[in-house]
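Novice: For reference, the structure I am asking about is given below.
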Amino acid sequence: MVLLFMADWRTTVIVSIVIPLALLFAFLCLKLAGMSANLLSLGAVDFGIIIDGAVVMVEGIFVMLDHKAHKLGMEKFNKMAKAGWIKQTGTGLGKAIFFSKLIIITSLIPIFSFQKVEGKMFSPLAFTLGFALLGALLFTLTLVPALSHILLNKNVKERHNPFVEFWNRIVAKSFGFTFRNKRLSLIVSLVILGAVLFSAKFLGTEFLPTLNEGSLWVTAEMPMSTSLKESIKTTKVLKTTLESFPEVTGVLSQTGRSNDGTDPNGFGFVQFAVALKPKEEWTRKINMDQLIEEMDHKLKQYQGITYNYSQPISDNVAEAVAGFKAENGIKIFGDNLATLDRLSKEVFAQIKDIQGIKEPGIILNIGQPEVSVILDRTRMAAFNVLPADAQAVLEMAFGGKTASVLYDGERKFNIRLRYAPEYRKTEKILRS
Numbered sequence: 030m031v032l033l034f035m036a037d038w039r040t041t042v043i044v045s046i047v048i049p050l051a052l053l054f055a056f057l058c059l060k061l062a063g064m065s066a067n068l069l070s071l072g073a074v075d076f077g078i079i080i081d082g083a084v085v086m087v088e089g090i091f092v093m094l095d096h097k098a099h100k101l102g103m104e105k106f107n108k109m110a111k112a113g114w115i116k117q118t119g120t121g122l123g124k125a126i127f128f129s130k131l132i133i134i135t136s137l138i139p140i141f142s143f144q145k146v147e148g149k150m151f152s153p154l155a156f157t158l159g160f161a162l163l164g165a166l167l168f169t170l171t172l173v174p175a176l177s178h179i180l181l182n183k184n185v186k187e188r189h190n191p192f193v194e195f196w197n198r199i200v201a202k203s204f205g206f207t208f209r210n211k212r213l214s215l216i217v218s219l220v221i222l223g224a225v226l227f228s229a230k231f232l233g234t235e236f237l238p239t240l241n242e243g244s245l246w247v248t249a250e251m252p253m254s255t256s257l258k259e260s261i262k263t264t265k266v267l268k269t270t271l272e273s274f275p276e277v278t279g280v281l282s283q284t285g286r287s288n289d290g291t292d293p294n295g296f297g298f299v300q301f302a303v304a305l306k307p308k309e310e311w312t313r314k315i316n317m318d319q320l321i322e323e324m325d326h327k328l329k330q331y332q333g334i335t336y337n338y339s340q341p342i343s344d345n346v347a348e349a350v351a352g353f354k355a356e357n358g359i360k361i362f363g364d365n366l367a368t369l370d371r372l373s374k375e376v377f378a379q380i381k382d383i384q385g386i387k388e389p390g391i392i393l394n395i396g397q398p399e400v401s402v403i404l405d406r407t408r409m410a411a412f413n414v415l416p417a418d419a420q421a422v423l424e425m426a427f428g429g430k431t432a433s434v435l436y437d438g439e440r441k442f443n444i445r446l447r448y449a450p451e452y453r454k455t456e457k458i459l460r461s
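Quick note on our numbering: the sequence shown kicks off at 30 and runs consecutively.
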């Protein structure tokens, strides 16, 4: 910062005060807007961008006061009022500072327009930095001139530093050469601008490209009526198939819902964490997309299973952002599962043949078999049987009911009572 070399401690204090006030203003705006500042957005806040307006304002006022002190003499300068000088200098600098900050805030507009994963990740960054710049601009145009009038009231003297003087001479010579050769400078600038615009065609158009995490996350959805026994049997077969690829070092499977119970998945939902060798150790000359195609071709021989291929981190981010494990998805909301199922099939029929869509699927909410038990309350009343008693018996028959707890050291296990398999195989047996 130039002020650290050319001014005194008072200018540093004035500039430093702007930083916490601008951040406090940004946090207050985020709170009022109902948003939170995450670590990514806070880490992107550049203090230099925040206080550059304040630096320009203080430096301009300081230089002006130093020139006045040299012209009038320090003794006379200290006795004179300086509010008018500071107001005149601050007004002239304020226009340039305002438009410079406006240009920086305008450059954040593309980030405000982000959607999907990048929108969730980077929009707080744009809002935090934008609010911080607005706060810095507000305090630069109001508080900084007031503090300058209070602190820079006496003994304003510019100090020359050899380091700053060295770079000032280089910059002055560069400006001199540019103004002496205006046509050449303009031609060189246009050539550089053309080269930059031409090189843009070689850049990717995706702001957040898919990164290679070095592993795969494969999801297999079997029919919802699949039992735990059949799911485990099929999982072993699928796991062996994935392990047959030379690029795979290991496969870890997870059947059913997650441990936190937030996913309403049954035994037919299986996820595989497929660990891969480093790319340089692959013996075959194939890329990740070709490997996924080969895996999908082999796994497709097992009928009735829908597969999805992703990566662990991107899969978790996509699910946290949108609630489903896919790049794009269509959500239909309602309280009637049968209607939702019908509408999902209609939407599927409309989009399945669109160019660019590969292997669309439906996340089913219905299809799992169930048994509906209607209690005969009249007969129950005749035998003095309460509905709670009947429900307890049904619970014990289907899923089991906890009767006691077995402690084994620090571990504990529920002791559950359940009908033997031969007494709960069919609806007819349960009815009897």
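A virtual CB, placed ideally from N, CA and C, is assigned to each residue, including glycine.
1) Tell me whether the beta-carbon of Pro-174 lies closer than 8 angstroms to the beta-carbon of Ile-90.
2) Can you say whether Phe-362 is buried or exposed, counting buried as having 16 or more other CB atoms within 10 angstroms of its CB?
3) Leaving out five residues before and five after Ile-359 in sequence, what residues of the same chain have Cβ atoms less than 7 angstroms from its Cβ?
4) Alpha carbon to alpha carbon, how far is Val-280 from Asp-364?
5) Which whole-angstrom value is the C-beta distance of Val-85 and Ile-126, which I expect to be below 8 angstroms?
6) Just reading off the beta strand (DSSP E) that Gly-89 is part of, what are its end residues?
7) Which residue marks the beginning of the alpha helix (DSSP H) containing Glu-375, and which one marks its end?
8) For Arg-440, which three-state DSSP category applies?
9) Taking the straight line between their C-alpha atoms, what separation do you get for Ser-142 and Gln-283?
10) Work out the CA separation of Val-92 and Phe-54 for me, nearest whole Å.
11) Quick one: is Ala-432 buried, meaning 16 or more other Cβ sit within 10 Å of its Cβ, or exposed?
12) Given this structure, state the Cα-to-Cα distance separating Leu-94 from Arg-39, to the nearest angstrom.
13) Does DSSP put Thr-455 in a helix, in a strand, or in coil?
14) Please confirm if the stretch 415-423 is in contact with the stretch 432-444, defined as three or more CB-CB distances below 8 angstroms between the two stretches.
15) What is the residue span of the beta strand (DSSP E) that Ser-339 lies within?
16) Given Phe-231, which residues of its chain have a CB within under 7 angstroms of its CB, disregarding the five upstream and five downstream residues?
17) Using DSSP with H/G/I as helix, E/B as strand and the rest coil, what is Glu-187?
18) Under 8 angstroms, do Leu-328 and Phe-296 count as touching if we go by C-beta distance?
19) Could you give the distance in angstroms between the alpha-carbon of His-326 and the alpha-carbon of Gly-285?
20) Taking contact to mean at least 3 C-beta pairs separated by less than 8 angstroms, is the stretch 240-252 in contact with the stretch 328-342?
21) I need the boundaries of the alpha helix (DSSP H) containing Leu-240, first residue and last residue.
22) Comparing C-alpha positions only, which one of Gln-144, Thr-157 and Leu-162 sits nearest to Ile-133?
23) Between the C-alpha atoms of Phe-298 and Ser-136, what's the straight-line distance to the nearest angstrom?
24) Closer than 6 angstroms by C-beta to Gly-119: which residues in its own chain qualify, once you throw out the five before and the five after it? Chain order, please.
25) Measure the Cβ-Cβ separation of Leu-245 and Val-303 and say whether it is below 8 angstroms.
26) Exposed or buried, Glu-309, counting other C-beta atoms within 10 Å across all chains shown (16 or more means buried)?
27) Relative to the C-alpha of Leu-372, which residue among Ile-391, Ser-401, Glu-322 and Val-185 is closest?
28) How about Leu-219 and Ile-43: do their beta carbons lie closer than 8 angstroms?
29) Does the Cβ-Cβ distance between Phe-168 and Leu-59 come in under 8 angstroms?
30) Are Tyr-338 and Val-247 close, meaning C-beta to C-beta below 8 angstroms?
31) Do Ala-224 and Val-47 have their C-beta atoms within less than 8 angstroms of each other?
32) Return the CA-CA distance between Asp-405 and Ala-421, expressed in angstroms with no decimal places.
33) In this structure, how does DSSP classify Arg-39 when only helix, strand and coil are distinguished?
34) What does DSSP give as the partner residues of Phe-298 in its beta bridges?
35) Should Arg-445 be labelled buried (16 or more other beta-carbon atoms within 10 Å of its own) or exposed?
36) Given a cut-off of 8 angstroms, decide if Ala-51 and Ile-13 are closer than it, judged by their beta-carbon atoms.
Specialist: On the basis of the data shown:
1) Taking the first residue of the sequence shown as position 1, residue 174 is located at position 145. Taking the first residue of the sequence shown as position 1, residue 90 is located at position 61. Contact: yes.
2) Counting from 1 along the sequence shown, the entry for residue 362 is found at position 333. By the 10 Å Cβ count, Phe-362 comes out exposed.
3) Working through the sequence shown from its first residue, we reach residue 359 at position 330. Same-chain partners within the cutoff: Val-376.
4) If you number the sequence shown from 1, residue 280 lands on position 251. If you number the sequence shown from 1, residue 364 lands on position 335. So the alpha carbons of these two residues sit roughly 38 angstroms apart.
5) By one-based count along the sequence shown, residue 85 stands at place 56. By one-based count along the sequence shown, residue 126 stands at place 97. Correct: roughly 6 angstroms between the Cβ atoms.
6) Here the question's residue 89 lines up with position 60 in the sequence shown. No beta strand (DSSP E) contains Gly-89, which is instead part of the alpha helix (DSSP H) from 76-101.
7) If you number the sequence shown from 1, residue 375 lands on position 346. Per DSSP, Glu-375 belongs to the alpha helix (DSSP H) from 366-380.
8) To locate residue 440, count along the sequence shown from 1; it is residue 411. Arg-440 falls in the strand class under three-state DSSP.
9) As a working note, residue 142 is residue 113 in the sequence shown. As a working note, residue 283 is residue 254 in the sequence shown. Taking the straight line joining both Cα atoms gives about 37 angstroms.
10) Reading the sequence shown from its first residue, position 25 is the one you call residue 54. Reading the sequence shown from its first residue, position 63 is the one you call residue 92. Cα-Cα distance, rounded: 29 angstroms.
11) Here residue 432 refers to the residue found at position 403 when the sequence shown is read from its first residue. Exposed: under 16 other Cβ atoms inside 10 Å.
12) As a first step, residue 94 must be located in the sequence shown, where it is residue number 65. As a first step, residue 39 must be located in the sequence shown, where it is residue number 10. The alpha-carbon atoms of Leu-94 and Arg-39 are separated by roughly 13 angstroms.
13) Against the sequence shown, residue 455 aligns to sequence position 426. The answer is coil: DSSP assigns Thr-455 none of H, G, I, E or B.
14) no
15) Here residue 339 corresponds to residue number 310 of the sequence shown, with the count starting at 1. Its beta strand (DSSP E) spans residues 335-339.
16) For the purposes of this step, residue 231 is taken as residue 202 along the sequence shown, with counting starting at 1. There are no such residues.
17) In the sequence shown, counting from the first residue as 1, residue 187 sits at position 158. Secondary structure at Glu-187: coil, using DSSP grouped into helix, strand and coil.
18) To locate residue 328, count along the sequence shown from 1; it is residue 299. To locate residue 296, count along the sequence shown from 1; it is residue 267. Result no, Cβ atoms of Leu-328 and Phe-296 do not sit closer than 8 angstroms.
19) On the sequence shown, residue 326 is found 297 positions in, with the first residue counted as 1. On the sequence shown, residue 285 is found 256 positions in, with the first residue counted as 1. His-326 and Gly-285: Cα-Cα distance of roughly 24 angstroms.
20) yes
21) Translated into the one-based positions of the sequence shown, residue 240 becomes position 211. In the DSSP assignment, Leu-240 falls outside any alpha helix (DSSP H), carrying neither H nor E.
22) On the sequence shown, position 104 is the one that residue 133 refers to. Out of Gln-144, Thr-157 and Leu-162, Leu-162 has the C-alpha closest to the C-alpha of Ile-133.
23) Counted from its first residue, the sequence shown places residue 298 at position 269. Counted from its first residue, the sequence shown places residue 136 at position 107. Looking at the two C-alpha atoms, the distance is approximately 45 angstroms.
24) On the sequence shown, position 90 is the one that residue 119 refers to. Contacts found: Pro-174.
25) What you label residue 245 is simply residue 216 of the sequence shown in a count that begins at 1. What you label residue 303 is simply residue 274 of the sequence shown in a count that begins at 1. It is a contact, given that the beta carbons lie within the stated cut-off.
26) Translated into the one-based positions of the sequence shown, residue 309 becomes position 280. Glu-309 is exposed by the Cβ-count criterion.
27) Numbered from 1 along the sequence shown, position 343 holds the residue referred to as residue 372. Taking only the C-alpha atoms, the option nearest Leu-372 is Ile-391.
28) Here the question's residue 219 lines up with position 190 in the sequence shown. Here the question's residue 43 lines up with position 14 in the sequence shown. It is not a contact, given that the beta carbons lie outside the stated cut-off.
29) Taking the first residue of the sequence shown as 1, we reach residue 168 at position 139. Taking the first residue of the sequence shown as 1, we reach residue 59 at position 30. Taking 8 angstroms as the Cβ cut-off, Phe-168 and Leu-59 do not qualify as a contacting pair.
30) Counting from 1 along the sequence shown, the entry for residue 338 is found at position 309. Counting from 1 along the sequence shown, the entry for residue 247 is found at position 218. Yes; because the gap between Cβ atoms is below 8 angstroms, this pair is in contact.
31) As a position in the sequence shown, residue 224 is number 195, starting the count at 1. As a position in the sequence shown, residue 47 is number 18, starting the count at 1. For Ala-224 and Val-47, no; Cβs fall outside 8 angstroms.
32) For the purposes of this step, residue 405 is taken as the residue at position 376 of the sequence shown. For the purposes of this step, residue 421 is taken as the residue at position 392 of the sequence shown. Straight-line Cα distance between these residues: approximately 15 angstroms.
33) The count along the sequence shown starts at 1 and reaches residue 39 at position 10. Here Arg-39 sits in helix by DSSP.
34) Against the sequence shown, residue 298 aligns to sequence position 269. Bridge partners of Phe-298: Glu-250.
35) Translated into the one-based positions of the sequence shown, residue 445 becomes position 416. With fewer than 16 other Cβ atoms from the protein chains shown falling within 10 Å of its own Cβ, Arg-445 counts as exposed.
36) Given that the chain is displayed from residue 30 to residue 461, the structure contains no residue 13 and the question cannot be resolved.
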